[in-house]
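Colleague:
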Amino acid sequence: MKTSHQSSRRKFLKAGGIFIAASGLSTAVNSLAKEKDTKENVVSPPEDLMREHGVLKRILLIYGEAIRRIDSKQDLPPEPLADSATIIREFVEDYHEKLEEDFLFPRFKKANKLVDLVNVLLQQHQAGRQLTDITMHLATSQTLKNADDRRKLVDPMRQFIRMYNPHEAREDTVLFPAFRGIVSAHEFDSLGEDFEKKEDELFGEDGFFKVVDRVAEIERKLGIYDLAHSRPKHEQITSHDWAAVNALDPAHRRRGFLSEGIQKFLFADAQGAGRFAKIGIPAPNVLSPFVGCVEIVCGALLVIGLMTRFVAVPLIIDISVAIISTKLPVLLGHGF
Ligand SMILES: [Fe+2]
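Going from the sequence shown to this note's numbering is simple: count from 1 and add 439.
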């Protein structure tokens, strides 16, 4: 009986031991995973600063749109402009630039690296703040009602755009990439965490994304949010642009036939059968693929310099028909 009791006790203790060991292991694994997760989620200082530059860039585009509307005497409500200038003040100047001034610039100066650049960047920050003061002061409904006052608002925004485009491009490509080389790995990591903590303190949890949402809202109000609108239409980037390039460069001219032939198949409506039908060439569904094949085969031979005299004949016929059917009407003012 005693033996049986001792055996049960041993089993119980053994099971308990396994349970405790397993829980300990599980806690350790969880905390390691948590630490790994936190490390992976921390954005490095250059990445953090660069994505903040993305916000700045989007405000520069908003300013550009505001200037375009003022120049073309279109309606411009004051709120999007005032909100944009406020984001520049709160997020870019009082937070992002402060990070650069407190944590990056002094370290570059101490390491005696890129000191001249840092001095210019600092002067630009100061000038930018003055321009923002003026923009904030003038971004009101009262100013936007008067044509002269509207023009006064354009000037600081134009100067701001002109200064900050090269400013942020230089920091992204020269200053930030060099930062890793002047601090220890430990300092680099802990600065990343400090930057994020500060961001959350000032703008709430996921502060960066909240600011991005504010910018997107302004873009929507101005009708510039949808990226698809800024894509050039296919017709705008095909024949006319290539015609100009081909006219200037013999190498492009040789590749031009090959490219034209391929486009007749890829963009049948704009460059192939559709275009043939539009300019009155008979049997467009037959002739367009035929001409496309001739251009591809002869154009490829021309590019590699094979049988050039032979391929010149069909290509001369091809280009003559193109001149008669499209270029002459353009010259005579009946352009296609
Ligand atoms: Fe800066």
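Ideal Cβ placement from N, Cα and C applies to all residues, glycine included. For clarity, every value in this text was computed on a predicted model and none was experimentally measured.
1. Mind reading off the beta-carbon distance from F542 to V557? Whole number of angstroms is fine, and I expect it under 8 Å.
2. Judging by CA-CA distance, which residue of N724, A617 and R694 is the nearest neighbour of K548?
3. Spell out a yes or no on whether the region 608 to 627 and the region 506 to 519 are touching, meaning 3 or more CB-CB pairs, one atom from each, closer than 8 Å.
4. Go through its chain and collect everything with a Cβ distance to G643's Cβ below 8 Å, but skip five positions before and after it.
5. Any idea what DSSP makes of A550, helix, strand or coil?
6. If you follow the alpha helix (DSSP H) that I718 is in, where does it begin and where does it stop?
7. Secondary structure at R646, three-state DSSP: helix, strand or coil?
8. For P516, which three-state DSSP category applies?
9. So is the beta-carbon of Q598 under 8 Å away from any non-hydrogen atom of ligand 1?
10. Run through DSSP, which three-state label would A761 get?
11. Tell me whether the region 516 to 525 and the region 647 to 663 touch, counting them as touching only if at least three CB pairs, one residue from each stretch, are closer than 8 Å.
12. Let me know the secondary structure DSSP gives G662 once reduced to three states.
13. Run the proximity test for L560: is its beta-carbon closer than 8 Å to any non-hydrogen atom belonging to ligand 1?
14. If you measure from the CB of Q710, is any heavy atom of ligand 1 nearer than 8 Å?
15. Using C-beta distances below 7 Å, list every residue in its chain close to A505, excluding the 5 sequence neighbours before and after it, in chain order.
16. Indicate, with yes or no, if ligand 1 has a heavy atom lying under 8 Å from the CB of Q563.
17. For K637, which of helix, strand or coil comes out of DSSP?
18. Taking 6 Å as the limit between beta carbons, can you name the residues of its chain near P753, skipping five residues before and five after?
19. Taking the alpha-carbon positions, what's the V730 to A709 distance?
20. Go ahead and label K703 buried or exposed: buried means 16 or more other beta carbons lie within 10 angstroms of its beta carbon, across all protein chains shown.
21. Can you tell me whether DSSP reads D476 as helix, strand or coil?
22. State buried or exposed for A712, treating a residue as buried only when at least 16 other CB atoms are found within 10 Å of its CB.
23. Going by the C-beta, is E644 closer than 8 Å to any heavy atom of ligand 1?
24. Starting from the C-beta of K475, find all residues in its chain whose C-beta is less than 8 Å away, skip the five residues before and the five after it, and write them out in chain order.
25. Keeping to the same chain, check which residues put their C-beta closer than 6 Å to that of G700; ignore five residues upstream and five downstream.
Modeller: Let's see:
1. Contact flag wrong, Cβ pair sits at about 12 Å.
2. With respect to the C-alpha of K548, the residue from N724, A617 and R694 having the closest C-alpha is A617.
3. no
4. K649
5. coil
6. Premise fails: I718 is in no alpha helix (DSSP H) and is neither H nor E.
7. Reading off the sequence shown, one finds Gly at residue 646, where the question assumed Arg. Helix at G646.
8. coil
9. no
10. Three-state result, A761: helix.
11. yes
12. coil
13. With a cut-off of 8 Å, the C-beta of L560 is classified as near ligand 1, since at least one heavy atom of the ligand falls inside that distance.
14. no
15. Leaving aside the five residues that flank A505 on each side, the residues in its chain whose CB is nearer than 7 Å to its CB run, in chain order, L515, L520 and M596.
16. yes
17. helix
18. V733 and C737
19. 15 Å
20. K703 counts as buried, since at least 16 other C-beta atoms from the protein chains shown sit within 10 angstroms of its C-beta.
21. In this prediction, D476 scores a pLDDT of 48, lower than 50, which makes its location untrustworthy; the coordinate-derived value is nonetheless stated afterwards. If DSSP states are grouped into helix, strand and coil, D476 belongs with the helices.
22. buried
23. no
24. With a pLDDT of only 48 at K475, under 50, the local geometry of the prediction cannot be trusted, and the value read off the model is given with reservation. If we look at K475 and ignore the five residues flanking it on each side, it has no Cβ neighbours.
25. G731, E734, I735 and G738
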